[in-house]
Amino acid sequence: MFTQVRSTIRRVTPADLHGRRLLKVVYVVLEPQYQSALTSAATTLNQEPGQLAVELSGYLIEELRDPENYAAFRTDVAAADVFIASLIFIEDLAGKVVAAVEPHRQRLKAAVVFPSMPEVMRLNKLGTFSMAQLGQSKSALAGFMKRRKEAGGASFQDAMLKLLNTLPTVLKYLPVDKAQDARAFMLSFQYWLGGSPDNLRNFLVMLANRYVYPQAGQPLMQAADPVLYPDQGIWHPLAPRMFEDPDDYMAWTTARVDRSGHQADGPWIGLVLQRSHLVTGDDAHYVALVQELEFRGARVIPVFCGGLDFSKPVRSYFFSSTDPGQPLVDAVVSLTGFALVGGPARQDHPRAVETLQALNRPYMVALPLVFQTTQEWEASDLGLHPVQVALQIAIPELDGAIEPIVLSGRDAATGKAHTLQDRVDAIAERAIRWATLRRKPRQAKKLAITVFSFPPDKGNVGTAAYLNVFDSIHRVMVELQDRGYHLEDLPDTPKALMDAVLRDADAVEGAPELAVAYRMGCEEYYRLTPYAERLEDNWGKAPGSLNSDGQNLLIYGRRFGHVFVGVQPHASPGKGIALADGFT
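Numbering (our numbering), first residue to last: 1108 to 1691.
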C-alpha cells in the first residue's frame, strides 16, 4: 500500500572532492516538487569551481513508513551536517522523524525545520537560535511562534511571511548573536519559499559558510541574497512575469496575438495553484492544463499563493476590480491538493465556505500524485494512497469541491510531476462543461432526478424510512418550475407523479409496470460505453436479461419537459447490493 521507492535513486554525491570541503545534507519533505530543485542545487554546486561539495540524501515523508527507507534515513541523519524538513504534519511520521533526529540534534551543525508539527519544529537549531523550548519558553520569539502555531498551518505560515517583512523590529529586542542566528533562520525560510534551484543553492552555501565551516575565516563560496517572488499573483506559462495587479494580467492576455478567435467569448476558468510548483520549476502539469483549456476555447486566470490561505488570491483575482461583488470566472479548478484555507495540519472550512459562497461558481479539485509514483498508483488495487484520499479529496470536499480527478503522475527519481494527458483532457472538458452550464439560461438546462430503489429489484421503488419520496420530488419540481426551469405536464399531486413514473405504486420484482422513458439499442450502447467488454464477465453481453426487452436496454422513468425522473436500475442477478469484482 505504501510507496516502495528507495531514496538512494535520488542521492547526490560529488564525483571527486578535489580538496573541497564536504557538506552532508539530509532532508525530508511532504512536497515532492522540492526534490528536483534540491537535487539541481546540489548538482550545480558539485559542478562549480570552489571550495564546497555537497552530498545530498532526500526523503518524502511517506517513504519513512517503509522499514528499509527508515533505516537508511536514520543512518543518513547520523552522518549528516545539516538536517532540513518541511510540512511534517502526519503525526505518526512526525514521531519517526523526531526519534531519528533528536539524538543527533546537538551534534548537527544546523537543523532547519519549516512549518511542521510542534515536536518537529523543536528540532530547529542554528547557532544560538533554537526552538527546543517551543511552547515552554517565555521569550518574545518563542511566544510568537507558539501563538501562530496554535492558529494552524495556514495561519502559521502566513504569520511567518509577515514576520519576514517585520524582521528588523523583532530582531532589535534580541542580543546580537541571537539576532544574527534568528535572522539566518528567517533568511533560510526566504530561500525555501523562493524554492528555485538558485535559491536553494544559495541556501546550502549560506548554511555551510555560517554553521558547518565557520572556521574557514571567509566564505567557502558566495551566497547571493534570496530572489523573492510575490506572495500571491497570477501566473501564465507564456507571460513574461508574474502579475500582482489583475488589470495588468487582463491587459496582457487580451492583447495576446496567439489567441484563437473562438476564445473571444469562451468561458473564464479560474485555476488555483501552489507557488512552490512554479518557483521550483515543477510546473509541467500546470502548463499542460492551461494549454488544454485554451485549446478548447476557454480563457484562464491561474492564480497562486505562497502561503496556505488560497482564499486570498481567489478574492483578489476572481472578482472584478471595479465591482468586487461580481465574479469574473465561470468555474474554478483547484490544483493545490489542499483545502482552500489551510494545509495538511488544520483547515478553516468556514472561511473557505464563505469565500466560495461569495464566488458562487462550480469548484472542482484536481490533484497530483504525492505519496505514490505513477507506476505504483497504476498497479495498486487500492488506488490512491489513503493519506492522499484524506488530505486531498475528503478535506477539499468539506469546502464544497466536486469531481476530484488525478491530474499528474510523479517520477520516482526526481519527484517531478508529469502530465497524464487523458486526465488533463478530462479535467479541461469537465471544467468547460461546468462553466458552460453556469452560463446557460435556466429554461435551457436539463435535469435528472433518480428515484431510490433499495435494495434494487426488490419492489422498493421510491421507498425510504420516514421520507415521502414522491412528495419531496414533486415539491422540488414545482420549485424548479417557479424558478424558470422548463417543465411540461407536471402532475398536480405527488400521487399523480408517482403513478406517472411507476404506473403501479406496489411495483414488484421485475417491475413490468414501470414507465419506460427510452429504449437503447445495443449498437448505441456499445458506442457510448467504451469499457463495455470489461463488464461482460459479471453482467453478460448486452442487452442482457435485466432492464431489457430482449432487444434493447430499458431506461425506466418519465420526462417532464427538461426534467427526467428516472428509477434506479436493477442489480445483477443474485448479487443484490454487493459490489462484484467487476463492478464499474
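Ideal Cβ positions, reconstructed from N, Cα and C, are used throughout, including at glycine.
Non-local C-beta neighbours of ALA1185 in its own chain, meaning closer than 7 Å and more than five positions away in sequence, comprise HIS1211, ordered along the chain. Below 8 Å, too few C-beta pairs join the stretch 1446 to 1466 and the stretch 1480 to 1488 to call them touching: fewer than three. In this structure, the CA atom of VAL1386 is about 14 Å from the CA atom of PRO1347. By the beta-carbon neighbour count (other beta carbons within 10 angstroms, threshold 16), ALA1555 is exposed. In terms of Cα proximity to PHE1671, the closest of THR1557, SER1655 and LEU1642 is THR1557.
Around the beta carbon of ALA1122, fewer than 16 other beta carbons lie within 10 angstroms, which makes this residue exposed. In the structure shown, the three-state DSSP call for GLN1381 is strand.
For GLY1522, same chain residues with a beta-carbon under 6 Å away, outside a window of 5 residues either side, are PRO1139, GLN1142 and SER1143 in chain order. Between the C-alpha atoms of HIS1669 and LEU1587 there is a straight-line separation of about 11 Å.
When the alpha-carbon of GLY1664 is set against those of THR1636, TYR1633, GLN1658 and MET1605, the nearest one is in MET1605. Inter-residue distance for LEU1435 and TRP1375 is about 7 Å (C-alpha atoms, whole angstroms). Under the criterion of beta carbons closer than 8 Å, ILE1191 and VAL1219 qualify as touching, at roughly 5 Å. Going by C-alpha positions, ASP1173 is about 9 Å away from ARG1113.
The closest CA to that of HIS1525, considering only ASP1338, VAL1531, GLY1516 and PRO1676, is found on GLY1516. Taken in chain order, the whole alpha helix (DSSP H) runs of length 4 or more contained in the stretch 1170 to 1209 are 1174 to 1186 and 1198 to 1208. Residue range 1339 to 1341 is occupied by the beta strand (DSSP E) that includes GLN1339.
When C-alpha distances from TYR1393 are compared across VAL1531, MET1293, MET1224 and ASN1309, the shortest belongs to VAL1531. Here DSSP, grouped into helix, strand and coil, assigns GLY1449 to strand. Rounded to whole angstroms, GLU1640 and LEU1491 show a C-alpha spacing of 25 Å. Going by DSSP, PHE1350 is part of no alpha helix (DSSP H) at all; its letter is neither H nor E. Closest in C-alpha terms to ILE1341, from the list VAL1472, VAL1407, ALA1291 and PRO1511, comes VAL1407. Out of ALA1149, VAL1161, LEU1129 and GLY1165, the CA that lies nearest to the CA of VAL1136 is found in GLY1165.
If only complete runs of 4 or more residues are kept, the stretch 1522 to 1566 shows the alpha helix (DSSP H) at 1528 to 1546, in order along the chain. Going by DSSP, LYS1648 is part of no beta strand (DSSP E) at all; its letter is neither H nor E.
Here the alpha carbon of LYS1131 sits roughly 16 Å from the alpha carbon of GLN1213.
In the same chain as ASP1354, and ignoring 5 residues on each side of it, the C-beta atoms closer than 8 Å to its own belong to SER1428, in chain order. By the CB criterion at 7 Å, VAL1334 and ASN1306 fall inside the cutoff. The DSSP-derived three-state label of LEU1642 is helix.
With a 10 Å radius around the Cβ and a threshold of 16 neighbouring Cβ atoms, ILE1509 comes out exposed. SER1655 sits in a strand when the DSSP states are folded into three classes.
Inclusion of ARG1128 and LEU1159 in the CB contact set at 7 Å is warranted, their separation being smaller than that value. DSSP lists no bridge partner for PRO1601. The straight-line gap separating the alpha-carbon atoms of GLN1433 and ALA1542 is approximately 16 Å.
Taking the C-beta atoms as reference points, GLY1591 is found nearer than 7 Å to ARG1549. Cβ-Cβ distances below 6 Å link GLN1499 to GLY1444 and LEU1474 in the same chain, with the five nearest sequence neighbours on each side left out; the list follows chain order.
Burial state of GLN1329 is exposed, judged by a 10 Å Cβ sphere holding fewer than 16 other Cβ atoms.
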